[in-house]
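Some notes on the structure that comes next.
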Amino acid sequence: MVAELCITSNFTFLTGASHPEEYMRRAALEGYEAIAIADDNTVAGIVRAHTEARDIARQVRNRQRFDAEHGLIGPPCPEGLSAVPSAAIYNTPRLIPAARLIFTDAPPITALAATRQGWANLCRLLSKGRLRAEKGTCILNIADLLAQSKGLELILHPPPQAPASPRGAGAWHPHMKRLTRRFAGHMHLLMAPTYNGEDSQRFKAIAALATQLDLPLLASGTPRMHQGRRRRLADVLSAIRTSKRIDALGRDALANGEQRLRNIPEMQRLFQGYEDALENTAELAAKANFSLDSLRYEYPSEVAEGETADARLRRLAHEGLRWRYPYGAPERVKTMLEHELTLIAKLNYEPYFLTVRDIVHFARSRDILCQGRGSAANSVVCYCLGVTSVSPEVGTMVFERFVSEARDEPPDIDVDFEHERREEVIQWIYERYGRHRAGLCATVIHYRGKRAIREVGRAMGLGDDTISALSSQLWGFFSTDAVADERMREIGLDPNDRRLKQTMELVNEIIGFPRHLSQHVGGFIVTEGRLDELVPIENATMEDRTVICWDKDDIDSLGILKVDVLSLGMLTCIRKAFDLMTQHMGQSYTLANLPQEDSRVYDMLCKADSIGVFQVESRAQMNFLPRMKPRNFYDLVIEVAIIRPGPIQGDMVHPYIRRRNGEEKVSFPSDELGAVLGKTLGVPLFQEQAMQIAIIGAGFTPEEADRLRRSLATFKKHGNVSEFHDRFMRGMKKNGYEEDFAARCFSQIEGFGSYGFPESHAASFALLVYASAWIKCHHPGIFACALLNSQPMGFYAPAQIVRDAREHGVEVRPVDINESYWDNVMEPDGRGGWALRLGFRQVKKLREEDAAWITAARGNGYRSVEDVWRRAGISPPVLLRLAEADAFLSLRMTRREALWQARAIRSENPLPLFSGDMDGEGILEPTSNLPVMTEGEEVLEDYVSMRLTLRSHPVALLRHLLTPDKPDPNLRHG
Numbered sequence: 002m003v004a005e006l007c008i009t010s011n012f013t014f015l016t017g018a019s020h021p022e023e024y025m026r027r028a029a030l031e032g033y034e035a036i037a038i039a040d041d042n043t044v045a046g047i048v049r050a051h052t053e054a055r056d057i058a059r060q061v062r063n064r065q066r067f068d069a070e071h072g073l074i075g076p077p078c079p080e081g082l083s084a085v086p087s088a089a090i091y092n093t094p095r096l097i098p099a100a101r102l103i104f105t106d107a108p109p110i111t112a113l114a115a116t117r118q119g120w121a122n123l124c125r126l127l128s129k130g131r132l133r134a135e136k137g138t139c140i141l142n143i144a145d146l147l148a149q150s151k152g153l154e155l156i157l158h159p160p161p162q163a164p165a166s167p168r169g170a171g172a173w174h175p176h177m178k179r180l181t182r183r184f185a186g187h188m189h190l191l192m193a194p195t196y197n198g199e200d201s202q203r204f205k206a207i208a209a210l211a212t213q214l215d216l217p218l219l220a221s222g223t224p225r226m227h228q229g230r231r232r233r234l235a236d237v238l239s240a241i242r243t244s245k246r247i248d249a250l251g252r253d254a255l256a257n258g259e260q261r262l263r264n265i266p267e268m269q270r271l272f273q274g275y276e277d278a279l280e281n282t283a284e285l286a287a288k289a290n291f292s293l294d295s296l297r298y299e300y301p302s303e304v305a306e307g308e309t310a311d312a313r314l315r316r317l318a319h320e321g322l323r324w325r326y327p328y329g330a331p332e333r334v335k336t337m338l339e340h341e342l343t344l345i346a347k348l349n350y351e352p353y354f355l356t357v358r359d360i361v362h363f364a365r366s367r368d369i370l371c372q373g374r375g376s377a378a379n380s381v382v383c384y385c386l387g388v389t390s391v392s393p394e395v396g397t398m399v400f401e402r403f404v405s406e407a408r409d410e411p412p413d414i415d416v417d418f419e420h421e422r423r424e425e426v427i428q429w430i431y432e433r434y435g436r437h438r439a440g441l442c443a444t445v446i447h448y449r450g451k452r453a454i455r456e457v458g459r460a461m462g463l464g465d466d467t468i469s470a471l472s473s474q475l476w477g478f479f480s481t482d483a484v485a486d487e488r489m490r491e492i493g494l495d496p497n498d499r500r501l502k503q504t505m506e507l508v509n510e511i512i513g514f515p516r517h518l519s520q521h522v523g524g525f526i527v528t529e530g531r532l533d534e535l536v537p538i539e540n541a542t543m544e545d546r547t548v549i550c551w552d553k554d555d556i557d558s559l560g561i562l563k564v565d566v567l568s569l570g571m572l573t574c575i576r577k578a579f580d581l582m583t584q585h586m587g588q589s590y591t592l593a594n595l596p597q598e599d600s601r602v603y604d605m606l607c608k609a610d611s612i613g614v615f616q617v618e619s620r621a622q623m624n625f626l627p628r629m630k631p632r633n634f635y636d637l638v639i640e641v642a643i644i645r646p647g648p649i650q651g652d653m654v655h656p657y658i659r660r661r662n663g664e665e666k667v668s669f670p671s672d673e674l675g676a677v678l679g680k681t682l683g684v685p686l687f688q689e690q691a692m693q694i695a696i697i698g699a700g701f702t703p704e705e706a707d708r709l710r711r712s713l714a715t716f717k718k719h720g721n722v723s724e725f726h727d728r729f730m731r732g733m734k735k736n737g738y739e740e741d742f743a744a745r746c747f748s749q750i751e752g753f754g755s756y757g758f759p760e761s762h763a764a765s766f767a768l769l770v771y772a773s774a775w776i777k778c779h780h781p782g783i784f785a786c787a788l789l790n791s792q793p794m795g796f797y798a799p800a801q802i803v804r805d806a807r808e809h810g811v812e813v814r815p816v817d818i819n820e821s822y823w824d825n826v827m828e829p830d831g832r833g834g835w836a837l838r839l840g841f842r843q844v845k846k847l848r849e850e851d852a853a854w855i856t857a858a859r860g861n862g863y864r865s866v867e868d869v870w871r872r873a874g875i876s877p878p879v880l881l882r883l884a885e886a887d888a889f890l891s892l893r894m895t896r897r898e899a900l901w902q903a904r905a906i907r908s909e910n911p912l913p914l915f916s917g918d919m920d921g922e923g924i925l926e927p928t929s930n931l932p933v934m935t936e937g938e939e940v941l942e943d944y945v946s947m948r949l950t951l952r953s954h955p956v957a958l959l960r961h962l963l964t965p966d967k968p969d970p971n972l973r974h975g
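If you're matching positions, the sequence shown starts at 2 in our numbering and goes up one per residue.
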């Protein structure tokens, strides 16, 4: 048995030059029986190596099954001849979870998790070091290891120049006796080459040291790359890490390409004379038999007051059924509910649904609007629990498609909350479960085009102008060499320049490398036991947040529960609109009780009158709405899903419209696919349909379909959807489908890899489309007010929202020092209706705190600029911003007059002696005849100060030039 236990992957950021998956594949081919990925103070890359090991094992099983059925490929070896060496195609290396611990007061130690207890201690140890440091760093002391070491096998790293005795060992001498005594039988000394020509003397010194310390020797090549050809990239990473040019790296550069994952004969030659070190390594690898497969993740039990999770879920579901259907639920819904509850109980998913329900219940108790979506969100159970407001009678999806025995993993439910109040929900989760049981997922930030060109270019010594030019032509460099050469010549670069060619080769090589960890937008991991015994926890950049070191794909691979607590600006807008309707109209609405299937709403959408409406406000959607002509809720579901990369790339949009308009006959490739594609007129539009085509049409097994589904989720990082192309095309052809149809279907699947949109998500989003469209249709002023108060969000700027509201007959009034508040508000228009008063939030650089002081001190109104300064106590710069926004117009003061008075005030606060009506700092300025501003000047100042205007449209100022018989609005009159 041969093992390598000290591998550094690229999750030791900007140091390791190979992916964990690449090490696993290389180890499999070289015949290694076990390897340990041991990155510096992290286990962030462990799951990727583990997932790759499982995939290798699957491929080996398939190959062995094929060989057993069909025999070996190729002619047999002739008799009398010995078989030539071949790759170890049946080898499945085992991953040993590990980390290289960097201490502040001791030499580095690689810790191998030999048992489940060892893994728990390793995670708690890393968590301790991470939580006492800022994001991205770890502070560990040797005392931390002494306190938590059970189940760990330790490998001590000697210094680069190994001394002949521990007494001369410098920084690590004080710990030798304590460490060897404390970890007797579990401490080993590393023998690793430095590849500097002096390794024979170094090995002798380390062997002598091991004898004196009574520690067994372990052999390792300490790889930083899986193949020697990555040496150039390793040096570039070092240059980026140290902020140096590649030419100035000096000793930070690798001396050669030897620090790679070596083959077994090379390892035997390298450690000739120290074979016992290789044997000890193999023995230790056999002893460390812990696998991530043995992790048993437990949901929170969600037992409340002695009531079991099953009983509690059933009680809450039936209570919700009576709440949703006060006059009695249809038999179909009752049957569906009982069926879903039975399946949930069979799969022990009750705690999952209860966790989501409790989070939503907290939000509703705080009047935080939320809406669930996801594979299982549009079920009767979630509808009754209040997780979603989409009636299950609307959809046609089968519950087993998302919660099934075949897919042994929890269903997916995402919950969107108001973007201004989501933090309240996040902090409640931390408070309820404790930070030792809850944490956010990480997101791995990978190198992409622009960052790769920028950082590699600087490391290679390219000038800023050259880097900017390369970045501007980004897409041209990732097609063909001919296009790349042509683009380079267009921007004045020589594609044959040696340094430039090297740079572009390295840019392509670094694409997809992890750069650092960030936090997921809202994916929460919640556990029954200690989360920090399952995975290390660390601080996020954001205050009061902690994250784990694995991303959503890692936890998905391990089958760990994730609840997405996401934010959505439109929910904030809708909730504020509901509040305004209650306040001014006396109408109380929720997402569930809005009037359904309002023909006026659909008439508005058919005219593409959708500025500000959720999801259908883009130019592409507005262009499509008059062609789609939505007349019911399910039309909105399709509208949301169809203008996406998947259907567009698969050329599904035009066939659907032609069939919908009766221009093309509705037909199905087969009866089997007709059951899948019936509701979309034979055209696949949803991600679920693409998966069903793969299973029914191409004959994918459930396992293959699940791998395809996972590849869709990771397409942006790994781009591995296309590996299924040949398998898909063969399967479709075998089952009698036309090649053109199969190619379009797979093109759509690839499009979903870039941006997938399942029907379950589309249905939840369609409800928000309808709600926002209903509010805009019936209360355009309130909709505009809520939309402005929810900024920044959406597709359109405040100026466009205001102009659209005025075109719908809404009177919009300007910011006024005596009438406005921080938020935009509705006020009586004097004609029995309501006008929209712009708030101080529209004034650039004005703080909410200053607006609060202005409104609190206003009383019966201000009389002058100086009056605002004295009573509200705001600073002169704030007065200037208000004057620039023309907020003093109601005081019969032009913008320039207000600015004149504001600039006369120099002091932050009036002196007490002069704070009354006496002359003081507020010196009475002599009357000045300031020139009147033209309409164009007023409009310009409005945009500068507020980004919008209630005066003329900017194009109207040019109308006299575009239409010569029109008068010039800039001419001064009177």
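Beta carbons: idealized from backbone N, C-alpha and C, even for Gly.
In the DSSP assignment, Q693 falls within the unbroken alpha helix (DSSP H) covering 688-693. In the DSSP assignment, the residues bridged to N540 are T547. Bounds of any beta strand (DSSP E) do not take in C786; it lies within the alpha helix (DSSP H) bounded by 781-790. In summary, A121 is buried, with 16 or more beta-carbon neighbours lying within 10 Å of its beta-carbon over all protein chains present. F418 sits in a strand when the DSSP states are folded into three classes. C-alpha of V391 to C-alpha of S773: approximately 15 Å in a straight line.
Ranked by Cα distance from P266, the first of E31, L941, G663 is E31. With respect to the 8 Å criterion, K608 and P596 are not classified as neighbours on the basis of their beta carbons. E850 counts as exposed, since fewer than 16 other beta carbons sit within 10 angstroms of its beta carbon. The criterion of a C-beta distance shorter than 8 Å is not satisfied by I143 and C7.
H780 is not a Cβ neighbour of T573, given a cutoff of 8 Å. Collapsing the DSSP output to three states places H189 in a strand. Under the Cβ criterion (8 Å, minimum of three pairs), the stretch 665-675 counts as touching the stretch 693-703.
Around the beta carbon of W823, a 10 Å sphere encloses 16 or more other beta carbons of the protein chains shown; the residue is thus reported as buried. With a beta-carbon spacing of about 6 Å, D40 and S10 fall inside the 8 Å limit used to define contacts. Here D604 carries a helix assignment [DSSP, helix/strand/coil]. Straight through space, the alpha carbons of R55 and A35 are spaced by roughly 13 Å.
Within its own chain, the residues whose Cβ lies closer than 7 Å to the Cβ of K129, once the five positions on either side in sequence are excluded, are D145, listed in chain order. In the displayed model, I776 falls within a helix according to three-state DSSP.
The three-state secondary structure of L348, taken from DSSP, is coil. For G32, no beta strand (DSSP E) segment is defined, and its DSSP state is neither H nor E.
Around the beta carbon of S201, fewer than 16 other beta carbons lie within 10 angstroms, which makes this residue exposed. For the pair A289 and I97, the CB atoms are nearer than the 8 Å cut-off. DSSP places A852 in the uninterrupted alpha helix (DSSP H) bounded by 849-857. For R374, the enclosing beta strand (DSSP E) begins and ends at 371-374.
I414 and I360 have their alpha carbons spaced roughly 12 Å apart. With contact defined as three or more Cβ pairs closer than 8 Å, the stretch 212-221 and the stretch 187-201 are in contact. By the CB criterion at 8 Å, W551 and C385 fall outside the cutoff.
A direct Cα-Cα distance of roughly 14 Å separates G458 from Q474. Taking a cut-off of 8 Å on C-beta distances, the stretch 525-537 does not touch the stretch 501-513, as fewer than three cross pairs fall below it. Annotated as distal: A439 and L355, with beta-carbon spacing of 8 Å or more. In the structure shown, the three-state DSSP call for A84 is coil.
Annotation for R882: the continuous alpha helix (DSSP H) segment containing it runs 877-885. Taking the C-beta atoms as reference points, M794 is found no nearer than 8 Å to H585. The beta carbons of V357 and V564 sit closer together than 8 Å. It is roughly 29 Å from the alpha-carbon of Q902 to the alpha-carbon of L958.
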